[in-house]
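*Asks:*
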Amino acid sequence: MNIAQLSIKRPIFICSIVLLMLLTGWVALGRMGVDLFPDVNIPIVSVTTIYPGAGPEEIEELVSKPLEEELSSIAGLKKISSRNQEGVSVVFGEFTLATDIKYAEQQFRDKVGLVKPKLPTGIKEPKVVRFDPADQPIVRLALFAELDQAKLYDIAKETVKSKLEQVAGVGSVKIVGGTRREIQIELDRNKLTSYQMPAVVIANRLKTAGLNVPVGKFEAGVKETSYRTLGRYESLSQIENTIVSFSGEVGNAVLIKQLGIVRDGTEDEETIGYLWASKEGAVEEKVSFFTKIGNFFKGKKKIPPLLKKQNLLCSSTFTNNREPIRSRLRTKF
769 MNIAQLSIKR
779 PIFICSIVLL
789 MLLTGWVALG
799 RMGVDLFPDV
809 NIPIVSVTTI
819 YPGAGPEEIE
829 ELVSKPLEEE
839 LSSIAGLKKI
849 SSRNQEGVSV
859 VFGEFTLATD
869 IKYAEQQFRD
879 KVGLVKPKLP
889 TGIKEPKVVR
899 FDPADQPIVR
909 LALFAELDQA
919 KLYDIAKETV
929 KSKLEQVAGV
939 GSVKIVGGTR
949 REIQIELDRN
959 KLTSYQMPAV
969 VIANRLKTAG
979 LNVPVGKFEA
989 GVKETSYRTL
999 GRYESLSQIE
1009 NTIVSFSGEV
1019 GNAVLIKQLG
1029 IVRDGTEDEE
1039 TIGYLWASKE
1049 GAVEEKVSFF
1059 TKIGNFFKGK
1069 KKIPPLLKKQ
1079 NLLCSSTFTN
1089 NREPIRSRLR
1099 TKF
């Protein structure tokens, strides 16, 4: 007896099987996990190296080619290529699908460590990254306030970032935009010449003068007391009055303020974030529990009262939207 004959002769039995299959599918659908970026191993690893001031030709010859020659010997490597632009080298390694990409990433790190002594001394630390869609930020927040960019950046780093990193489920928090505070010293070339003072002497003096140095300890019975000199700078005036050297027959002290101007400024901008045509600081988060991020901003004592935030992106909407749909279906049926 085939299925068609069985369906005609025993319709109740067939309907029961169909209903059982539908019920099983309904229960399985409710328990099925949803992920915006499924766990897929993409066999691509990259090495990013920054060499400030170098042109594309120098980047290719001095950075990319030595890296490619060393990395080309890694087992499972299918293709290697590079992109060279002003001050930046990016070397890509594509592996076969059968390659363990985590092991390949470690091999990349080992090879980069071997070739690093051959690279120019002015480069920054090469960054090895394995391409993973799940590493994309899930939540983006924009922070803005009636403050200068340096103070806003300090609040984002010291208050918001540190608090968000303590929330359960947060993988990492990255700040995009904003400017960091930087104490700048503009030296006068004519004054340096008159005092016969190289700039490197001033730089070395500032490095050693602004330190807290332990000088020893004193033991009295079971008690031990440590001593240290407090040299860390607390204000601009302390930097201005730093003695660089002594000049003349009587040994007059040469101060920083006699050689240039000390200014409380900001670092050069490397990343810029804009919101509504104004510069703002954006915070990117990689999280797994989104409601806790919202609860964090509900606490009035967590962030300064002048600080406001704007939600730019929340990828959890993709996975959370199924709950209202499921609830409406339950209500209908």
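Take the numbering used here: the last position of the sequence shown gets the number 1101, and nothing is skipped along the way. Even for Gly, the Cβ is constructed at its ideal location relative to N, Cα and C.
For the ligand GTP, is there a heavy atom less than 7 Å away from the beta-carbon of ILE785?
*Replies:* The ligand GTP is not part of this structure, which contains no ligands at all.
*Asks:* Please state the DSSP three-state secondary structure of ILE785.
*Replies:* Looking up residue 785 in the sequence shown gives position 17. Three-state result, ILE785: helix.
*Asks:* Secondary structure at VAL815, three-state DSSP: helix, strand or coil?
*Replies:* Locating residue 815 in the sequence shown gives position 47, counting from the first residue. It is a strand residue.
*Asks:* By the three-class DSSP mapping on this structure, what secondary structure does LEU979 have?
*Replies:* Residue mapping note: residue 979 aligns to position 211 of the sequence shown, counting from 1. LEU979: coil per DSSP, three-state reduction.
*Asks:* Return the chain-ordered ranges of every alpha helix (DSSP H) run that is complete within the region 895–944 and spans a minimum of 4 residues.
*Replies:* Those alpha helix (DSSP H) runs which fall completely within the region 895–944 and span 4+ residues are 917–923 and 930–933.
*Asks:* Using DSSP's beta-bridge definition, name the partner residues of VAL1022.
*Replies:* To locate residue 1022, count along the sequence shown from 1; it is residue 254. In DSSP, VAL1022 forms a bridge with SER1013.
*Asks:* Tell me whether ILE810 is buried or exposed, calling it buried when 16 or more other Cβ atoms sit within 10 Å of its Cβ.
*Replies:* Numbered from its first residue, the sequence shown carries residue 810 at position 42. When all chains shown are included, ILE810 counts as exposed.
*Asks:* Any contact of the region 909–921 with the region 942–949, i.e. 3+ C-beta pairs under 8 Å?
*Replies:* Cβ pair count under 8 Å is three or more, so yes.
*Asks:* Looking at the strands, I want to know which residues DSSP matches up with ASP878.
*Replies:* Here residue 878 refers to the residue found at position 110 of the sequence shown. According to DSSP, which records beta bridges pairwise, ASP878 is partnered with nothing at all.
*Asks:* Within the continuous alpha helix (DSSP H) that includes GLN725, where are the two ends?
*Replies:* Since the first residue of the chain shown is 769 and the last is 1101, residue 725 is not available in this structure.
*Asks:* Helix, strand or coil for VAL1030, going by three-state DSSP, please let me know.
*Replies:* Here residue 1030 is taken as the residue at index 262 of the sequence shown, counted from 1. VAL1030 falls in the strand class under three-state DSSP.
*Asks:* Are SER850 and SER832 close, meaning C-beta to C-beta below 8 Å?
*Replies:* Position 82 of the sequence shown, counted from the start, is the residue given in the question as residue 850. Position 64 of the sequence shown, counted from the start, is the residue given in the question as residue 832. It is a contact, given that the beta carbons lie within the stated cut-off.
*Asks:* According to DSSP, is TYR871 helix, strand or coil?
*Replies:* On the sequence shown, position 103 is the one that residue 871 refers to. The answer is helix: DSSP assigns TYR871 an H, G or I state.
*Asks:* According to DSSP, simplified to helix, strand and coil, what is ILE771?
*Replies:* Counting from 1 along the sequence shown, the entry for residue 771 is found at position 3. Helix.
*Asks:* Out of curiosity, what's the CA-to-CA distance linking LYS829 and ALA872?
*Replies:* Counted from its first residue, the sequence shown places residue 829 at position 61. Counted from its first residue, the sequence shown places residue 872 at position 104. Checking the sequence shown, residue 829 turns out to be Glu, not Lys. So the alpha carbons of these two residues sit roughly 25 Å apart.
*Asks:* Whose CA, out of LEU932, ASP922 and THR961, lies closest to the CA of THR1034?
*Replies:* For the purposes of this step, residue 1034 is taken as the residue at position 266 of the sequence shown. Among LEU932, ASP922 and THR961, the Cα nearest to that of THR1034 is on ASP922.
*Asks:* Is GLU722 near GLY890, with beta carbons less than 8 Å apart?
*Replies:* Nothing can be reported for residue 722, as the shown portion of the chain is limited to 769 through 1101.
*Asks:* Do you know how far the Cα of LEU788 is from the Cα of ALA772?
*Replies:* As a working mapping, residue 772 is identified with position 4 in the sequence shown. As a working mapping, residue 788 is identified with position 20 in the sequence shown. In a straight line, the C-alpha of ALA772 is about 19 Å away from that of LEU788.
*Asks:* Is it the case that the Cβ atoms of ASN972 and GLY999 are separated by a distance below 8 Å?
*Replies:* Within the sequence shown, numbered from 1, the residue matching residue 972 stands at position 204. Within the sequence shown, numbered from 1, the residue matching residue 999 stands at position 231. Their beta carbons are not under 8 Å apart, which means ASN972 does not touch GLY999 by this criterion.
*Asks:* Could you check if VAL1055 is buried or exposed, using at least 16 other CB atoms within 10 Å of its CB as the buried criterion?
*Replies:* Locating residue 1055 in the sequence shown gives position 287, counting from the first residue. With a pLDDT of 43 at VAL1055, under the threshold of 50, the modelled position of this residue cannot be trusted; read the value that follows with caution. VAL1055 should be labelled buried.
*Asks:* Would ILE818 pass as a contact of LYS879 if the rule is Cβ separation under 8 Å?
*Replies:* On the sequence shown, residue 818 is found 50 positions in, with the first residue counted as 1. On the sequence shown, residue 879 is found 111 positions in, with the first residue counted as 1. No. Outside cutoff.
*Asks:* Output the distance between the C-alpha atoms of ASN1020 and PHE1014, rounded to the nearest integer angstrom.
*Replies:* For the purposes of this step, residue 1020 is identified with residue 252 of the sequence shown, where counting begins at 1. For the purposes of this step, residue 1014 is identified with residue 246 of the sequence shown, where counting begins at 1. Using only the alpha carbons, I get a separation of about 5 Å.
*Asks:* Pop quiz: VAL1108 and LEU911 are said to be a contact at Cβ under 8 Å. What is the actual Cβ separation, rounded to whole angstroms?
*Replies:* The chain is shown from 769 up to 1101; residue 1108 falls before or after that span and cannot be answered.
*Asks:* Between which residues of its own chain and ARG898 is the CB-CB distance below 7 Å, once the five residues before and five after are set aside?
*Replies:* By one-based count along the sequence shown, residue 898 stands at place 130. Around ARG898: VAL813, ILE869 and GLU873.
*Asks:* Among the residues of its own chain, which have a CB less than 7 Å from the CB of ASN852, if the five just before and after it don't count?
*Replies:* Within the sequence shown, residue 852 is the residue found at index 84, counting from 1. Once the five neighbours on either side are set aside, the close Cβ partners of ASN852 are PRO824, ILE827, GLU828 and SER832.
*Asks:* Apart from the five residues on each side of it in sequence, which residues of its chain come closer than 8 Å, Cβ to Cβ, to LEU955?
*Replies:* Working through the sequence shown from its first residue, we reach residue 955 at position 187. The residues are ALA967, ILE970, LEU1027 and GLY1028.
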